[in-house]
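In my numbering, the protein residues as written are 129 to 282.
Glycine included, each C-beta is placed from N, C-alpha and C at the ideal position.
Just so you know, these numbers come straight off a predicted model, no measurement behind them.
See below:
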């Protein structure tokens, strides 16, 4: 079972991401822009029509056995390789039906993903140094048409 502090950190990241839903690329602070630069560099950014919600990795990673960790890492990699678009992103509904993916999710990840629209994209995840995080995925939510046109205009 994950530690209480890990759960609170995860929920705090999710809350701050939700509170920033209406922010455009131009209004993001430099730290957020720098973080997204890694996605652009590796061509895993779905474009200005999508906003970065956050990333997810299994918080139980420290207590998971090697076999479980390897299964998750392999499944996430295969998902993006087999079903990913030009940006290695996969629609949420496709990901949830990909063999083995749903079984590798934590209870919190399942709960979150079940609440998001089907057109939400999942893609590879990178740390602050630009290194790929194995077994982790980034969540990209589609902007509403008015927000997307405002973002594209800037």
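Our two residues, residue 242 and residue 230, have alpha carbons roughly 11 Å apart in a direct line. Distance from residue 223 to residue 250 at the Cβ level is roughly 5 Å; contact confirmed, criterion being Cβ atoms closer than 8 Å.
Residue environment: residue 259 is assigned as exposed (fewer than 16 neighbouring CB atoms within 10 Å of its CB, all protein chains considered). Of 252, 205 and 219, the smallest CA-CA separation from residue 269 is found for 219. For residue 194, the uninterrupted alpha helix (DSSP H) segment begins and ends at 194 to 211. Checking the DSSP bridge columns, you'll see residue 252 partnered with 265. Following the DSSP letters along the chain, one finds residue 220 inside the alpha helix (DSSP H) bounded by residues 220 to 224.
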